[in-house]
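Q:
In UniProt numbering, the protein residues as written are 1 to 246.
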């Protein structure tokens, strides 16, 4: 799997996706890295299918992968290595449900290229309609990953289940949190965060490129040095043979 992921990263180049390329996907806040971590200290990716605003499958998937890259990087910075996925299914309908092809592709990306990144997935208020998609996708989900998926349904246990996993005073009102009505998502502010993320990645890539050039130069210098030593050795050997013959 590691070999396949490395080959995928070399071909797809997820680290080169920039916010400006996918920002139109994020105008409604349908999917983004939340501003605070969960109670396990993991970054939280919040997804709202009802806020679907585009139909271009390829760019939707690139937006997803960009979000996974941001969450993964943040998880590494925090030292936890994993993120939590919070899917808010309130208002989920046939009109805003992603095509099965997209759902399958998303599952494939998560399972094959980010298998150890998912710490927890919380499906909040998943309707019966989603169960149809779940039945289609479930057989293809890794058993270990499947154990990380929990459903929080409407009812008396809902508040306690959310409180056990999230700092609810920091969560949005629409998912039972303490923030004011509406969404915490601000497209311009989030875009600013993502531009900073892009700058960090670009700086690290430049630094890595510099190290690779230095390593290549050192290797060339070492090879030239070895060739010089070999030439001297061969010369000494020839000289020895000549002297002996004389």
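Even for Gly, the Cβ is constructed at its ideal location relative to N, Cα and C.
1. In the DSSP assignment, the alpha helix (DSSP H) including residue 144 goes from what residue to what residue?
2. What runs of the beta strand (DSSP E), each 3 residues or longer, lie entirely inside the stretch 14-56?
3. Between residue 113 and residue 153, which are expected to be in contact by the criterion C-beta below 8 Å, what is the C-beta distance as a whole number of angstroms?
4. Quick check: the Cα distance between residue 79 and residue 40, rounded to an integer number of angstroms?
5. Report the residue from 178, 104, 208 and 59 whose alpha carbon sits nearest the alpha carbon of residue 133.
6. My output table needs one value for residue 179: the three-state DSSP class, helix, strand or coil.
7. Are there 16 or more other CB atoms within 10 angstroms of the CB of residue 30, so buried, or fewer, so exposed?
8. Between 23, 71 and 4, which has its C-alpha nearest residue 186's C-alpha?
9. To which residues of the same chain is residue 7 closer than 6 Å at the C-beta, ignoring the five residues directly before and after it?
10. Using beta-carbon positions only, say whether residue 184 and residue 15 come within less than 8 Å of one another.
11. Note down, in chain order, each residue of its chain lying with its Cβ closer than 7 Å to the Cβ of residue 166, except the 5 sequence neighbours on either side.
12. Going residue by residue through the stretch 153-199, where are the continuous alpha helix (DSSP H) segments of at least 4 residues, counting only ones entirely within it?
13. Suppose you measure from the CA of residue 97 to the CA of residue 52; what does that come to, to the nearest Å?
14. What does the Cβ neighbour count give for residue 181, buried or exposed, with the cut at 16 atoms within 10 Å?
15. Closest to residue 117 by CA distance: which of 45, 63, 135 and 129 is it?
16. What residues are listed by DSSP as bridge partners for residue 121?
17. Starting from residue 90, trace the alpha helix (DSSP H) both ways and give me its first and last residue.
18. Would DSSP call residue 204 helix, strand or coil?
19. Is residue 106 near residue 64, with beta carbons less than 8 Å apart?
A: Straight from the coordinates:
1. Taking the chain shown and counting its residues from 1, the one referred to as residue 144 is at position 144. In the DSSP assignment, residue 144 falls within the alpha helix (DSSP H) that extends over 143-146.
2. Taken in chain order, the complete beta strand (DSSP E) segments of 3 or more residues contained in the stretch 14-56 are 31-33 and 44-47.
3. Numbered from its first residue, the chain shown carries residue 113 at position 113. Numbered from its first residue, the chain shown carries residue 153 at position 153. Going by Cβ atoms, the distance from residue 113 to residue 153 rounds to 30 Å, so no, they are not a contact pair.
4. As a first step, residue 79 is located in the chain shown; it is residue number 79 there, counting from the start. As a first step, residue 40 is located in the chain shown; it is residue number 40 there, counting from the start. Between the alpha carbons of residue 79 and residue 40 lies a gap of roughly 11 Å.
5. As a working mapping, residue 133 is identified with position 133 in the chain shown. Just measuring C-alpha positions, the residue of 178, 104, 208 and 59 sitting nearest residue 133 is 104.
6. As a working note, residue 179 is residue 179 in the chain shown. Coil.
7. Locating residue 30 in the chain shown gives position 30, where the first residue counts as 1. Buried, since its Cβ has 16 or more Cβ neighbours within 10 Å.
8. Looking up residue 186 in the chain shown gives position 186. That would be 23, whose Cα lies nearest to the Cα of residue 186.
9. Within the chain shown, residue 7 is the residue found at index 7, counting from 1. Around residue 7: no qualifying Cβ.
10. By one-based count along the chain shown, residue 184 stands at place 184. By one-based count along the chain shown, residue 15 stands at place 15. Taking 8 Å as the Cβ cut-off, residue 184 and residue 15 do not qualify as a contacting pair.
11. Start at 1 with the first residue of the chain shown, and residue 166 comes out as number 166. Within the same chain, residue 166 has close Cβ partners 38 and 39.
12. Correct list: 158-163.
13. Looking up residue 97 in the chain shown gives position 97. Looking up residue 52 in the chain shown gives position 52. Their backbone Cα atoms lie some 8 Å apart in a straight line.
14. As a working note, residue 181 is residue 181 in the chain shown. Burial check for residue 181: the Cβ neighbour count within 10 Å stays below 16, so the residue is exposed.
15. Numbered from 1 along the chain shown, position 117 holds the residue referred to as residue 117. Closest by C-alpha distance to residue 117, out of 45, 63, 135 and 129, is 45.
16. The residue given as residue 121 occupies position 121 in the chain shown. Residue pairing by DSSP puts residue 121 in a beta bridge opposite 85 and 149.
17. Within the chain shown, numbered from 1, the residue matching residue 90 stands at position 90. First-last for residue 90: undefined, no H or E at that position.
18. Along the chain shown, read from residue 1 onward, the residue named residue 204 stands at position 204. DSSP, read as helix, strand or coil, puts residue 204 in helix.
19. Along the chain shown, read from residue 1 onward, the residue named residue 106 stands at position 106. Along the chain shown, read from residue 1 onward, the residue named residue 64 stands at position 64. With contacts defined by Cβ atoms closer than 8 Å, residue 106 and residue 64 form a contacting pair.
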